[in-house]
Amino acid sequence: MTTVTANGTPRRKFIGMNVIIKKDRSAWLQGPSAKCSAVPGEHKHPWRLILLGAPGVGKGTQAELLTGRLDVCHLSTGDVFRAAGERLDRDQSPAMKEALEYMRRGELVPDSTVWEMVRERSSCILDCGGFILDGFPRTLGQAESLKELMEQEKLSLSAVVNYELPLDEIVRRLSGRRTCGKCKSVFHVTERRPKAEAVCDHCGGRLYQREDDRPEAITVRLEAYERSTAPLIQFYKDLGLLLPIVATGSPGEIVAQTMDKLDELAAQRGDGDDRRTTLHLAPKL
Ligand code: AMP
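For the sequence shown, position 123 matches number 124 in the working numbering, and the numbering has no gaps at all.
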């Protein structure tokens, strides 16, 4: 939000680059029967973004950091599977149980299951103002289905941000990642350490290592990425939507870079003013 000083000069509201503004995601995580307590405000040009990049490049962290800045919903398919995995066995559908088995092995869940789950939650994509899709689409089939769904509603994507990182750095990031069991915030054993050992800074929940962040699953996930997800880069490049970003540096530096690129894009399209609720400055944290 831009506030105005007494002499009428616009004043930017500054927030730190590492600040995470958590939003309610009940409808996305639990399905259409759940309602979110707050949804993004009305924007003439809401951001509709996809984050691409190999597992471990920091898409989840960037999605969390960008969500509050752009006033959008963070829609992660991996988080939906993890939320389902925490439910009682009897509350899990056979398709979800099967999906969780794929996930534990680090393999991609079949397109039909993923699409069924996303389609059930399509109001989060079509009616929620703006969104950041994180971990979806992951195959060309999923990308085509999403394109069709959005075209039916005459909606278009704003951009597809592709985070790029060398392989050895990806492995280091994944194996050191720790996730909060309660609010799903992400930390790292060396780079983004919680204030207290294994305790979440935001909600006090226990931090744990995701099953699919263990070494044997990491290899499988990276192979799945190369085979199925990397071709999406060309798909979105051909549609003129790709925004490449080198994902080295701290989360604050990467989010600053991302915001700068999105600002440039909005300025080129002449629709920058309306989109952002919280302006950023560039302190390198
Ligand atoms: P993520 O948190 O995005 O890394 O997702 C964790 C795991 O959930 C992946 O390794 C897959 O097993 C599964 N998954 C999440 N999203 C998808 C998707 N769009 N397509 C297939 N599998 C997915």
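Quick reminder that beta carbons are idealized off the backbone N, C-alpha and C, glycines included.
Are there 16 or more other CB atoms within 10 angstroms of the CB of residue i, so buried, or fewer, so exposed?
i: K196; result: exposed
i: F15; result: Residue confidence is low: F15 scores 37 on pLDDT, short of 50, so the model does not pin down where it sits. Its coordinate-derived value is still stated next. The residue is exposed, with fewer than 16 neighbouring Cβ atoms inside 10 Å.
i: D214; result: buried
i: T68; result: buried
i: L76; result: buried
i: Y226; result: buried
i: A218; result: buried
i: E65; result: buried
i: V110; result: buried
i: Q258; result: buried
i: R179; result: buried
i: G9; result: Residue placement at G9 is poorly supported in this model, since its pLDDT is 32, which falls under 50; the coordinates are not used for a value here.
i: R270; result: exposed
i: L263; result: buried
i: P216; result: exposed
i: R83; result: buried
i: L233; result: buried
i: R70; result: buried
Less than 8 angstroms between the CB atoms is what I'm expecting for residue i and residue j, so what's the real figure, rounded?
i: R106; j: V221; result: 6 angstroms
i: D80; j: L30; result: 6 angstroms
i: G57; j: L175; result: 4 angstroms
i: A39; j: S27; result: Their Cβ separation, rounded to whole angstroms, is 10 angstroms, which puts A39 and S27 out of contact at 8 angstroms.
i: G206; j: G182; result: 5 angstroms
i: L223; j: A55; result: 6 angstroms
i: H203; j: G131; result: Actually they do not touch by this definition, with Cβ atoms about 23 angstroms apart.
Tell me whether residue i, by its Cβ, gets closer than 6 angstroms to a heavy atom of ligand 1.
i: D214; result: no
i: Y103; result: yes
i: V162; result: no
i: T220; result: no
i: T78; result: yes
i: R228; result: no
i: F82; result: yes
i: V110; result: yes
i: G142; result: no
i: G86; result: no
i: G69; result: no
i: G57; result: no
i: V172; result: no
i: V115; result: yes
i: G241; result: no
i: G54; result: no
i: G136; result: yes
Going by CA-CA distance only, name the one from the options that's closest to residue i.
i: P61; options: N163, L266 and R270; result: Note that residue 61 is Gly in the sequence shown, not Pro. Ranking N163, L266 and R270 by Cα distance to G61 puts N163 first.
i: Y237; options: D92, H44, A144 and K155; result: A144
i: C74; options: P95, L89, S94 and P47; result: P47
i: A160; options: A267, D169, R83 and E121; result: A267
i: C37; options: E224, Y209 and R122; result: R122
i: I133; options: Q63, G271, L141 and L243; result: Q63
i: L52; options: A84, G136, Q153 and M151; result: G136
i: P167; options: A84, G206 and V247; result: V247
i: T140; options: K45, Q235, S229 and G250; result: S229
i: L156; options: R179, C129 and S186; result: C129
i: S124; options: E87, L147, C204 and G142; result: L147
i: C184; options: R194, L127, R193 and Y209; result: Y209
i: M118; options: A199, P33, D261 and A231; result: P33
i: T249; options: D264, C204, E192 and L233; result: E192
i: R120; options: M104, E108 and P138; result: P138
i: A231; options: G86, E165 and T114; result: E165
i: E265; options: L244, R91 and D92; result: L244
i: E170; options: E154, H189 and Q153; result: H189
i: E152; options: V172, I126 and R173; result: I126
i: T114; options: G131, G142, D90 and H44; result: G142
Have a look at the DSSP bridge pairing and note the partners of residue i.
i: Y209; result: T180
i: F132; result: R49 and C74
i: L244; result: V162
i: A197; result: V200
i: H189; result: R178 and R193
Check whether the Cβ of residue i sits closer than 6 angstroms to any heavy atom of ligand 3, and report yes or no.
i: R139; result: Although ligand 3 was asked about, the structure shown includes only ligand 1 as ligands.
Hey, does residue i have any beta-carbon neighbour from chain D nearer than 7 angstroms?
i: F137; result: Among the chains of the structure shown, chain D does not appear; only one protein chain is present.
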